[in-house]
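In full-length UniProt numbering, the protein residues as written are 1 to 282.
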């Protein structure tokens, strides 16, 4: 379910009876929703939450023992026919990673399996004090998915990431906060409000194109082998954006002591981004 509130969009996982489990079809729907939201210049940030008592219990296991069977020879229920051999959580994680809007998870309840790994490419995670997190893959006879072996060690450190994933134990909100997995722990009734506040703070004053570029620069900067690589990207973008109307408006607004009114629509401003961050094929 997608709602828009001023500049903030909210995506709600709305299968409370199934604890908001995710199927291949759900992943396609989420990617489509992200495409539509990114095409809307009015949307500046996106908040994710769940309905009911869980954020998401992860992959839909209603297929029983066949849930994780290789489906390269099938149409995979029509959802991802061209990519049916791929971990569908990873497809979602990479789509979130590539997003040009700040992403905030309002984790209203338990987040388990894909329910937690899909939040790792998001920028901020706010958790209910009752929330628990489970990287339970070893207990299902598989391994972590959704690119989480790349994201999780970068967020909580490699030792803790291994311990959480190997044991598959449930991690409480207080431990998740101490580890840096979540930014803040609040009562469940306040999770969406607090998450929306963080989202608004990230986009209230900055140029939309600048915010989009900053998100990509920070995430992709984790892949650089030397600071010189960051220096090259920063130099290019300072030169590119510095010659544009947003920079002129930002400087003039500072001189005039007034809020800036940045003129560049985000869908226009991000067009050159592929130069710096081309899509990498599977």
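Glycine is no exception: its CB is placed at the ideal position from the N, C-alpha and C atoms. Just so we're clear, the structure is a prediction, and the values are computed from it rather than from any experiment.
Check	Outcome
Helix, strand or coil at residue 11 [DSSP, three-state]	strand
Distance between beta carbons of residue 223 and residue 270, contact taken as under 8 Å	At roughly 19 Å, the Cβ-Cβ gap does not stay under 8 Å, so residue 270 and residue 223 are not in contact.
Among 110, 15 and 162, nearest to residue 127 - alpha-carbon criterion	110
Unbroken beta strand (DSSP E) run spanning residue 106, endpoints	103-107
Contacting residues, own chain, Cβ-Cβ under 6 Å from residue 165 (five flanking each side not counted)	135 and 144
Contacts around residue 49, its chain only, beta-carbon distance under 6 Å, and the 5 residues preceding and following it disregarded	12, 106, 108 and 192
Alpha carbon of residue 220 to alpha carbon of residue 35, nearest angstrom	20 Å
Length-filtered (3 minimum) beta strand (DSSP E) runs lying within the region 80-157	103-107, 110-112, 124-128 and 132-134
The alpha helix (DSSP H) enclosing residue 267, as first and last residue numbers	266-269
Range covered by the beta strand (DSSP E) that runs through residue 195	From DSSP, residue 195 is part of no beta strand (DSSP E) but of the alpha helix (DSSP H) over 191-203.
Buried versus exposed call for residue 283 [16 or more other C-beta atoms within 10 Å across all chains shown]	Residue 283 lies beyond the residue range present for the chain, which begins at 1 and ends at 282; the question has no answer from this structure.
Reduced DSSP secondary structure (H/G/I, E/B, other) of residue 56	strand
Residue nearest to residue 206 in terms of C-alpha spacing, selected from 231, 247, 86 and 171	247
Sequence-distant residues of the same chain with beta carbon closer than 6 Å to residue 186, five excluded per side	194
Given 8 Å, three or more beta-carbon pairs between the region 233-247 and the region 16-30	no
N-terminal and C-terminal residue of the alpha helix (DSSP H) that residue 249 is part of	245-256
Coarse secondary structure for residue 43, derived from DSSP in three states	coil
Per DSSP, the bridge partner or partners of residue 50	13
Identified DSSP bridge partners for residue 282	For residue 282, which the question treats as bridged, DSSP gives no partner whatsoever.
Separation of residue 118 from residue 189, as counted between CA atoms	22 Å
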